[in-house]
Each structure stands twice: as structure tokens, then as C-alpha cells.
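Engineer: Would you mind keeping the following structure in view while I ask a few things?
Number of protein chains: 2
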Amino acid sequence: MWTFDNFPSARVQNTYGFSPGQAWLDHVRLSSVRLALGCSGSFVSPNGLVMTNHHCARRCIQDLSTPQQDLTASGFYARTQAEERTCPRMEINQLVGMQDVTARVQGATKGLSGEAFNRAQKAEFARIEKACQTSDQLRCEVVTLYHGGLYQLHTYKRWRKDVRLVFAPEESIAFFGGDPDNFNFPRYDLDVSFVRVYEDGEPLQTPEYFRWSDAGPREGELTFVSGNPGHTSRLLTVAQLASLRDETIPLKLERLAQERGWVAQFAERGTEARRISRDTLFGVENAYKAWFGRRDALTDPVFFASKVKEEQSLRARVAKVPALQKEVGGAWDAIAQATRVEEKLERETTWIRSESKYYSELFGIARNLVWGVAERQKPDTERYREFTDARLPATELVTFSKAPIHSELEVELLTLGLTKMREELGADHPYVHEVLGKESPRQLATRVVQGTKLYDVALRRSLWNGGPAAIAASEDPMIGLVRRLDPEMRAARKAYEDQVESVVRKNSELIAKARFQLEGTRNYPDATFTPRLSYGSVRGWTREDGVQVKPFTDFAGAFTRATGEPPFDLPQSWLKAKDRLTPTTPFDFVTTNDIIGGNSGSPVVNRSAEVVGLVFDGNLPSLGGDYGFDLRNNRTVAVDSRALTEALRVVYGADRLVQELQPAAARTTGPR
Amino acid sequence: MWTFDNFPSARVQNTYGFSPGQAWLDHVRLSSVRLALGCSGSFVSPNGLVMTNHHCARRCIQDLSTPQQDLTASGFYARTQAEERTCPRMEINQLVGMQDVTARVQGATKGLSGEAFNRAQKAEFARIEKACQTSDQLRCEVVTLYHGGLYQLHTYKRWRKDVRLVFAPEESIAFFGGDPDNFNFPRYDLDVSFVRVYEDGEPLQTPEYFRWSDAGPREGELTFVSGNPGHTSRLLTVAQLASLRDETIPLKLERLAQERGWVAQFAERGTEARRISRDTLFGVENAYKAWFGRRDALTDPVFFASKVKEEQSLRARVAKVPALQKEVGGAWDAIAQATRVEEKLERETTWIRSESKYYSELFGIARNLVWGVAERQKPDTERYREFTDARLPATELVTFSKAPIHSELEVELLTLGLTKMREELGADHPYVHEVLGKESPRQLATRVVQGTKLYDVALRRSLWNGGPAAIAASEDPMIGLVRRLDPEMRAARKAYEDQVESVVRKNSELIAKARFQLEGTRNYPDATFTPRLSYGSVRGWTREDGVQVKPFTDFAGAFTRATGEPPFDLPQSWLKAKDRLTPTTPFDFVTTNDIIGGNSGSPVVNRSAEVVGLVFDGNLPSLGGDYGFDLRNNRTVAVDSRALTEALRVVYGADRLVQELQPAAARTTGPR
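Listed below in C-alpha cells is the structure:
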């Protein structure tokens, strides 16, 4: 997960005989994009065409669907450019600048701790970002790398007003095998979608883009994955890892499991219930499995012991340098202490600070409005991070999204959220009385979800623009609920930030400094949802039970595995095209690239920077990658470029799209 | 949790100045009963009247309900004896004999290990039980105490054909506060029901019964709880406790959480769905909370360290006695090794051995039929334990219960079970292919649940009596499914019994021997769902946050706490009676008695062996009691005898019942 400005080209040269130069790295970086809501993608034509996963565009696909036209089920293809349809909420970023701001940030917090540390650091972040943010078309972010060893200002080009859906297959082939197969391999998924960036009503010109490989990848071949791994915890202390293993993850898993059962059974109400809850359920099941895999890694005693050993070694090396020991020696215990506090505050953080939003989109929107209006009254440097000028556009994207909100589902989710809050805080907790009064969770949820007018984006904007007076005067029940809870929500947030976050940030920075002094940038920083480049190769692995897993699947395998029943049902389009598809065409494949959630939609490219695949998943062992990469069995799962073009052409007749991806090949390929 | 034959009367004398004598102990034992499906109770009149919890009779109450007459919601009171209604499945036991059979059991397994050990031990159990079981009206059980330090043959009188419901309040007062308040205190619950044992159509004569205390309990007063604590793990090794904490309990909790969400959302389909799923949901939520509390105890580092220390001390003492060390020294490691195997087999044990029955009652019945018919062909000593002659009546009680089975709920539960099986074993597991073939979990569940005729008890009997030929010839789809899976189910059971159970049993017995040699019976054995007597006193406690919890609540508190919305809604009968109830009447109270699941329905008695209360719960810290009792904060929660009689008289006008409980008081109490 190397940053583009510290890529170990020499190591790649040693192992694979290829040394990416600066021009190559720049080209790859500029051809790659970030989907701001949590995925990766790539430009694959000079006309702003972006390739990503189906599951990265599923919110858009769902948002454009109606009860009459379910694009998630049926798929979508714009036969002409005019048919391309704008996604209600999608933001695409391209990293154009990286600047070291470590001295500024560390200077601003010198000698501070606790709340003062946090406040000074956030204010400095806000100042740096605001100065950079000269236009709405830029996105400036101060990024904490190496847990504070290095601070960088990242400047992105940002497109968020007009990104249009071009192509998406049926969910049944994009996510063939469904939840049972998620994070597994062998796989047979066409998890792809194409969108296009528009500017001023015209396709964006993107001279930097990846060319298409007709040949696809070969076993053993060097592969690069360029994308935005969201979050890893490889540099956490042992105390933090133990807390995750013993406290945080179990609670998360149990909440997710209950939500999963709740939403999955809701979907059984009927076709429309299934349609409107599909995205939520997908998200919940995906998160459940991911956390499950992480816990699996942390409960492996051998793996955990390696973490303990690593930390002991670092602490021993620190102890040998008196100045370092004096400055840094106490950091581990300080973090351990803050971690105990974090555990104590966990329920308040989840349910009073309302990190969970009680599972409700409307509650989240109302909270953004109430908080945002209040925060914008303050100087930029004193606001909650998400409402600083530099970050407002991203917050607004979610808050003013035109995506439909389904009240039937919202009632169920909020009911569950309020019920869990009461359960976890206890029925006699003062906050529970404040929230519920004499109402039951379902009564309150029904009243505010059915009574609110926040479905109307114009109303949201008028509250936002109306300022504190408009919020105070609003008779909207959801706004009223948030307004009433606001003091406690803020207090819980403050408790967490002052007692946990600030201590962890400060002391992690100290440890990072020590690591830097002792190791430099010989390693990559933990993932932070910023562009990274990983190298690896196409390679299978040996499972725990001894079975050898081959690196490629093929089209024939999909037809063999299909049962006709979800989630193992192939769409009609595929059943019809069966005889015209080449059974031996490689479908999905695995590589040793190091990825994590957020990398979804990343291109797999060869040394010529050609697209040979599209990352859409990792195998189960790769979930432990949150805490450390294990070359023996962590694998990236991708769709083969040959599968993509053959399916587009033969199954979907998407000639316009194939022509754009493969201008040369399309000309020369006759009928098969 | 002392056994009746090893009660520490001298210790009680020292602390409380009262020494229970043999006659007192015999009287208490014979006045106490066990509800074979998992609860406790007591005779409270000479005419076979049994007091237990509402939640212990809820299956009966539910079984007697119909869509038109929902007794769980409305409550039930038989104004005359003729109105008392037979419960479809309830078995009541009274312990009449205890005999030491340690020498026989240990003699039978001498020199054996692994499968041979297990087989010999089970055969000896079966022989002893069969010789004892001279009549259908007895229930003989070889009980393993001190994990094999002591084996006893328990002989119970058994009544299972005609137990009738006499009284049950509305669920809303029996379980006021619902899941949020479960395992909490202060409480305001009237968790009581009365049933009556009949023999030959007449009320059973029960000369041994508890008299009623009009005075109720006083703060600080000595209290005894006589009941059947189901299971504790206080003598488990550290390896076993760690495995529970890190592997078994998290998996259990996540499965339960998902089932909880699934069933709770199913209940939202409507009134009838709520009615038919209520029991299942109650069971799931109760289990979830109980396991949650146990995990809480095990993840407390101080508590766990005390367990480690205790084991180290025992091992050190063993090591000092060469003969003991030679025989026993390897037992801890052997158990640790078997525990690793158990973890490896966990998914197979749950899903292939079908310990979960895929959450389906019908599947469980079909499995009992298929297995039972086959097992009964074998000599008694070679059968699965639940099909030995001594245990058949209990198995038959469940298998041939007339309780209604609701196919709508069964489809949902089996769908969930099959889905979880596929998820946990993996979609490509051969067993998953064997179970599902090309069907989806829902298709298979729907087909077998809708196609089976096993709702008909007569059909079940005819298969049972028809023997292997009838099972082989059956075209019932549920029988067919079980028949098809039978070889794998048996293989998984065998793997568990040979590789885990037998090793653990043998080595636990060795450790127990060592403990015995070093400590004798100075301590009580782990709970085994056999009659135990606990002493303690009425006492509040100090919560972790410093709050002092008083030992009593009163009627007034219930009315203050009521919101009018479930689960905090009082029934109409209570709202109407409000002015006639004495607000200061004590309602629920807590004691320091040591209890655990299975103790529900136990009487709390004073030194005169009078009923002063009815155990229905423990507080949250008491859930850790599975691994050790903590006098500081583990508390038993009970209904006060004064609340019981006042509610019966004033709210329910249950004069016949009050007269039976309090023949003297009923005569002298005028209108209030």
C-alpha cells in the first residue's frame, strides 16, 4: 500500500525486473480515481469514462431505480451517450498534488495535550485546507500518514455534480454467489460498472487514462493495483488490537448480526421491500463478514504473538536511545489508558454521540442540518471537521442527495436503532428517557419518519440556508428530535474527542516519530483512503485444509455452478448468450496484491500500465490484512479484462462501450 | 448450590444462627420439584398445586392459546377445578432417592480412553438407569457431579401425563419491562404461574409442601432457594474458559443476534405472527442476554486472572504428590488439546450433527423419529443417551407433544438455519450440496415444512411404532430429508464424542479426583440441573457506578414506571385495581442466594420453610455466576410472597387459589 511519492521501485526491479519510473507513476496516479463515498476507479478512455465495480455504483443504480424499473435487477446500458443518466450522489476525485505539511501541523500542537492538542491540530488542519481550497472543483485534505509521522496536504480535482451511469450488469451476475461467496474464491462475478464524468454538460476530457489489455493477465505476471485502501490498523498498539479483538469487534458483530436478521426478514415482506432494502442489507452483510474476518485474524494466537513481539522490539529499540525514550517511552501506556476509556465510553459514543445515526438516513440528514447550521456560525478552525469549509462539499453531497428515501424501511431501521439504544444504555438511563419519553421505539420512529418533510431536498436546503433561526423555528419532527438531543450528542462527542481521540492522536504521533527516526519510510503508512499503489503477481494459494486454489476461473465454471436459485442464478442474458461465449475465457482471478476495503473498483494493471483486471474483492484470509499482510494466503480477487470485454460484446451487445475501451480491437474482431 | 446430601448446615449456623437438620432438608427437597424441560417449582398445597414462573409455563400457556384466545396476552385463571387445563408438554419431577454409584462407573471405564472410555461409561450409565427404572412413573438418572469426582443415581417421581394450568397472569405484568429489563433490578414483575399435578384424573396428594408466609421476607433475613440450577462451569479448566470466551460464546452470540433480528422482524408481520413467534423470540433474547453476561464475566481480566491463579495453585498442589501427578498431571493439557479439536469441529457440530436443528421444531421431531427408531433396535447400552430406556420418556414427551407447530414460522426458522449452515460451512462444502442440491434454503424449507405431515402426532407415533421399515418407507419430505442426512449427522456426532467429549470427560474426572483427594466435598459441585439448596439473605448491592440498589420494590413503583407502551405497559386488570392495591406492598426483591438458569421458579423460603418469595431472575452480574459466584454483586431476583397473594386477591379475584395457599389468612382477611 505504497504512497505514490515513496514507491519502492528498486524492490520491484529486484523481484520482477521492472522499475516504475516517475512518468509511469504519475500516469498511473492520474489515470486512477477515488470515489469519494468509499471506492476506487480508473479512467479507461480519453472521454471521462470511469470503470469501477457494480457494488461501488450500486447506490446510484438503486437511486435511479423505481418500483417499475429495477435497474439493480435488470442492469443498465446507455446505448447512446444521450441515455447516460446522472447519479444523485457520486463524487469522483483525482489526486493532483501532495505536499508535506508535517512541520506546520506538529508546530501548531507543540507542548499541548488533551483537548488543547486536539483543538490546535484540527484548527491547523482547517487553516491549511481552507488556504488550499480555492475552488469548489478542488478537494483539499490534510492526511495523517504513519499515524502522525507525516502530514500531507492532498489536493484532488473533484467532480460531483454530473457523473452519469453508462453501464451496469444485472446484480445476479455482478454479485453471483451473493453473501455466501462474498470474500471467497473461486468466483464467477462480473462486478463492473462504467460511469462517465461530465463537465459543463460534456464528457470530461481525460488525456491520462489506462489503455485496455486484450491479452489479460498471465499466471505469475507482475501486477499493480492502484486504488484507495480505506483503512488499515497495522501500526496500532497491542493494547488497541486487544481492545478491538475483545471489546469493539464483538459488539460490532453482534449489532450487525441483529440488523442483518432484521433487514433480511424485512425484505421477505415482498418484492418492493426487497428492492428498497437491498442496499442496506448488502452493506450490513458485507460489513459483518469483513469484521468477522478481522476478528478471525486477531484471535489467531500466532498472529497476535507476532504483533506483541514487534511492539516489544520497537519499545526496546526506543529504550536504548535516552532522548527518544524520554519523549516517546510513555506513549504506549498512554494509549492503553485511553483505550480503557474508549471502552468505557463505547456505548455513549455509539448511541448518544449517535455515531450509529440509529441506522436512519433521515436522522443523519437532520443531524447534519442541525449541526452544520450551528457549526457554520463558528470560525472555520473551531468547527467539527466535517463542517470545515474544505469538507463542506462532501458533507453537502450526502445531506442534499436526491436519492430516494423509503419511509417503510426507515421506520424499521430507526425502530431497531432506538431499541438497541435502550437496550445498551438501559431503560432507566436519563438519555433514554430524554429520547423516548413515554413513547416506544416504534412509536417514536413512526411518528418522526412519517411526520418529517426532509424527503424534500429543497426543504433541507432552505433549513441549511435559513441558519439557526430556521432550525429553531422548524416544526419538523425529525429536526425537533435532533434539536432536543443536540446537547447530549455534542457532550458525548466532546468526551470522546477530549479523552480518547486527542490522547491517541498525540501518542500515536510520538510512536510514529520514533518509528520514523529508527526506520524512516522503509515501510508504507497505514491505509487512509488515499491513493496507494501495490505490486504483486497473479498467483493462487494453498488453503488451510491443503487444497490448492488455482488463480483463474472461467466462463464455463459459472454455468456449472449455477443452480438457478438466488444467489446462484445467472441472468437470462447470460443463459441466452451461453452458446456464443467462449467457455475457456478467464473470468475472475487472484493476485498477491495487498488491498483492503476502499480498493474495490481499482484497476489491475500490467507493467505497460494496461488494464488487465478489475479488483472487486479479497479472499477471506485477506480480511486479516487490516492488521498485517500475509503473502502466503492474502489474495486480491479481480475480474479479468478478457471477461469484461467478451461479456460486454457478446452478452450485452455493448458495442459503443467496447469500441471506447478497445478502439483497435473492436475494429478487428469479427463475429465469433 | 449445595446438594441436599452435603449441605453445610454448620456454616449456616455460624453465619445465621440456624442449622437446617435432616428432617428440614428432606421436607424442603420433597416440597421442591423440577420441571423437566428446564425450570424449578414447588408444591404449595397438599393438593398437588405447583408454583413456578410464568416464563416456565409459557410454552403451556402458548400451547393452550389460539388465534381467538391468546392466553399469553390475556392471562388465565381457572375459577373452578374443572376449568384447569392440561398442558400438552410438561413433566414434573420430585427427587426421592440419591445413591452413590461412583465405584461402579469408574470401575467400568478403568484403563480405557477415547471412544472405548465413552462407550463403556455410557453403557454403564444405561445399565444402572435401566435397573432402577422399574416404572414409567420413575425417572432414573446417573448424574456426574464434580465433573466425575462423584457419580450418583438420582431417582425422581415423575408426572408427565396430566399437569394442568391453574393460573397465569397477563404476560405484560409477568414480564413487565420485557427484554430491556430482563436480568435487571429494580423490577416490577409478577412472574408467576400455578399448575396442578393430576394422577388418575384427581389432584395429586402432596403431603410435603411449602406453607405460605404472610409476612414475606425482611431485609437481612436468611433465605434459602431450593431449585435446579441448570449448568455452571466453575470447575472448567482455563483452556476451556478461554475457548468459551474467544471462540464459542462469540459465535453463539452472533448466531443468536441474527436469529433475534430475524424473528423480531417476522413478528412485525401482524398480530398472529407476533403471537406464534413470541416464545421463540423470548427464548432467543433470553439466551442472548445470558451469553452476553457470561462473556462479560470472562473478559474481565481480574476475574480471569483469578481463574488462572486457582488452576495454577491446584496444579502445584497436585505436582507435590507424585502418585497424583503421575495419574492426573497430564489432564489439563489433554483437555486443552481436546478443546482445540472442539473449536475445529464447532461448525460441523453445530450444522452437521445438527445440534441447532436448523432452528426447526419439525426437523428436531423428524430427527428424533429417525434416530429413535434406529437406536431402539440396539441394546440399551449402545444407544445414544437420549434413547436409552431410562431416558426415552423424556424424549417422547417432546417428540409426541400435541403443542401446535406453526408452519409460517417454521419456514422462516428453517430458512434461516439452512442459510446459516451454508454460510458457515461454505457454499462448496459437500454437506451443503447434500442438503440443498439445487434448491435455495427457502425453497427447501418451504417444500419440507409445507409438505410434511408431522404436525399430526398420530403419524409420528405410527412411524415410531412402525420401526425401521416405516421410516424407510415414509414419503414424508421432512423424514426424507433427515434420512438422507443421517449418515453425516451420525458421523459428526461420533467425531465430537470420540475426539472431544470422551477426552474431556475422562480428564475432567481425573482432575476431579485430585480435587477430591485434596479438598474433599468442601465445595459444591458444578450445577447439573439437579436439586440444590442455596443459602443467602435479602440484601441490595452497590453498582459499578456507585449507585446503591435497595433490596425491595413496591407496587407504587410499577405504576410510576409504566409508560403505557410495551414492554412497559401494565395490563388493564392492574390499571383497574390500582386504587385497591396497597402502594407500599413489596413487589420484587433481591437476595444473595447463588442461582443460575434452571433455578427459575424456585421458591425462596425462610428458616421455617415457608415461601417468602419466588425466584424469577438474576441481576446482570449474576450471569457471570456461570464461572464463579461473586457475593459483592451477584443477586437473585424474586417476587415477594405478599405481592403474590395481594395481586391474586385484589387484581385477579383468585380467591379459590388464595384460599388454597393461605387457608388461615384467607379466612381472616376482610375487604381492604
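Chains as they are written, first to last, in the working numbering: chain C, 622 to 1293; chain Y, 622 to 1293. Note that beta-carbon positions come from the ideal geometry of N, C-alpha and C, so glycine has one too.
Is residue 887 of chain Y close to chain C? Criterion is C-beta to C-beta, closer than 8 Å.
Structural biologist: yes
Engineer: Give the straight-line distance between the Cα atoms of residue 1266 of chain C and residue 1218 of chain C, rounded to the nearest whole angstrom.
Structural biologist: 25 Å
Engineer: Considering residue 817 of chain C, what are the terminal residues of the beta strand (DSSP E) in which it resides?
Structural biologist: Looking at the DSSP string, the run of the beta strand (DSSP E) that includes residue 817 of chain C is 814-820.
Engineer: Checking contacts by CB at 8 Å: is residue 874 of chain C closer than that to chain Y?
Structural biologist: yes
Engineer: Which same chain residues end up closer than 8 Å to residue 958 of chain C when comparing Cβ atoms and leaving out the 5 residues on each side of it in sequence?
Structural biologist: If we look at residue 958 of chain C and ignore the five residues flanking it on each side, its Cβ neighbours are 1124.
Engineer: Looking at chain C, is there any beta carbon in it that lies within less than 8 Å of the beta carbon of residue 883 of chain Y?
Structural biologist: yes
Engineer: Which whole-angstrom value is the C-beta distance of residue 786 of chain C and residue 681 of chain C, which I expect to be below 8 Å?
Structural biologist: That belief holds up - the Cβ atoms of residue 786 of chain C and residue 681 of chain C are roughly 6 Å apart, short of 8 Å.
Engineer: Using the Cα positions of residue 1048 of chain C and residue 1184 of chain Y, report the straight-line distance between them to the nearest angstrom.
Structural biologist: 12 Å
Engineer: With distances taken between CB atoms, is the gap from residue 830 of chain C to residue 667 of chain C smaller than 8 Å?
Structural biologist: yes
Engineer: Given that residue 1185 of chain C touches chain Y, what residues does it touch there, using C-beta distances under 7 Å?
Structural biologist: 1059
Engineer: Pick helix, strand or coil for residue 1199 of chain Y, following the three-state DSSP scheme.
Structural biologist: For residue 1199 of chain Y, the three-state secondary structure derived from DSSP is helix.
Engineer: Considering only C-alpha positions, which residue in the set Y:1176, Y:892 and Y:973 is nearest to residue 1198 of chain Y?
Structural biologist: Y:1176
Engineer: Could you pull out every residue in the same chain whose Cβ sits closer than 8 Å to the Cβ of residue 832 of chain C, ignoring the five residues on either side in sequence?
Structural biologist: 1229, 1230, 1231 and 1232
Engineer: Tell me the DSSP bridge mates of residue 934 of chain C?
Structural biologist: Answer by DSSP bridge pairing: none, since residue 934 of chain C is not bridged.
Engineer: Out of curiosity, what's the CA-to-CA distance linking residue 1293 of chain Y and residue 1201 of chain Y?
Structural biologist: With a pLDDT of only 34 at residue 1293 of chain Y, under 50, the local geometry of the prediction cannot be trusted, and the value read off the model is given with reservation. If I take the Cα positions, the gap works out to 7 Å.
Engineer: Below 8 Å on the Cβ atoms is my guess for residue 729 of chain C versus residue 742 of chain C; work out the distance and round it to an integer in Å.
Structural biologist: 7 Å
Engineer: What did DSSP end up calling residue 852 of chain Y once you bin it into helix, strand or coil?
Structural biologist: coil
Engineer: How would you write the range of the alpha helix (DSSP H) that residue 711 of chain Y sits in, first residue to last?
Structural biologist: Per DSSP, residue 711 of chain Y belongs to no alpha helix (DSSP H) and is neither H nor E.
Engineer: Pick from C:1108, C:822 and C:1122: whose alpha carbon is nearest that of residue 964 of chain C?
Structural biologist: C:1122
Engineer: Hey, how far is the Cα of residue 1287 of chain C from the Cα of residue 898 of chain C?
Structural biologist: The pLDDT assigned to residue 1287 of chain C is 45, lower than 50, so where the model puts this residue is not dependable, and the model offers no usable value.
Engineer: Quick one: what does DSSP say residue 719 of chain Y is sitting in, helix, strand or coil?
Structural biologist: strand
Engineer: In angstroms with no decimal places, state the Cα-to-Cα distance between residue 875 of chain Y and residue 1244 of chain C.
Structural biologist: 18 Å
Engineer: Let me know the secondary structure DSSP gives residue 649 of chain Y once reduced to three states.
Structural biologist: Residue 649 of chain Y: helix per DSSP, three-state reduction.
Engineer: Rank C:1240, C:1234, C:1215 and C:1279 by C-alpha distance to the C-alpha of residue 853 of chain C and give the top, closest one.
Structural biologist: C:1215
Engineer: Assuming residue 1238 of chain C contacts residue 803 of chain C (C-beta within less than 8 Å), just tell me the rounded distance between them.
Structural biologist: 7 Å
Engineer: In the DSSP assignment, find the alpha helix (DSSP H) that holds residue 1061 of chain C and state where it starts and stops.
Structural biologist: Residue 1061 of chain C -> no alpha helix (DSSP H), and no H or E assigned at all.
Engineer: Taking C-alpha atoms, which residue in C:1280, C:1225, C:1252 and C:1282 lies nearest to residue 839 of chain C?
Structural biologist: C:1225
Engineer: Who pairs with residue 774 of chain Y in a beta bridge, going by DSSP?
Structural biologist: Note: residue 774 of chain Y sits in a beta bridge opposite Y:720 and Y:763.
Engineer: For the region 685-693 of chain Y against the region 883-897 of chain Y, are there 3 or more C-beta pairs whose distance is under 8 Å?
Structural biologist: yes
Engineer: Given that a residue counts as buried once 16 or more other Cβ atoms are within 10 Å of its Cβ, and exposed if not, what is residue 755 of chain C?
Structural biologist: With fewer than 16 Cβ atoms within 10 Å of its Cβ, residue 755 of chain C is classed as exposed.
Engineer: How close, in whole Å, do the beta carbons of residue 882 of chain C and residue 882 of chain Y come, if the pair is a contact with beta carbons under 8 Å?
Structural biologist: Contact flag correct, Cβ pair sits at about 3 Å.
Engineer: At least one CB of chain C closer than 8 Å to the CB of residue 798 of chain Y: is that the case?
Structural biologist: yes
Engineer: Give the single residue among Y:639, Y:749, Y:638 and Y:648 whose Cα lies nearest to the Cα of residue 626 of chain Y.
Structural biologist: Closest by alpha carbon: Y:648.
Engineer: Can you give me the Cβ contacts of residue 995 of chain Y inside the same chain, cut-off strictly under 7 Å, excluding the 5 residues immediately before and after it?
Structural biologist: 1089
Engineer: Are any of the Cβ atoms in chain Y nearer than 8 Å to that of residue 960 of chain C?
Structural biologist: no
Engineer: Can you confirm whether residue 1064 of chain C, when its beta carbon is compared against all beta carbons of chain Y, has any partner nearer than 8 Å?
Structural biologist: yes
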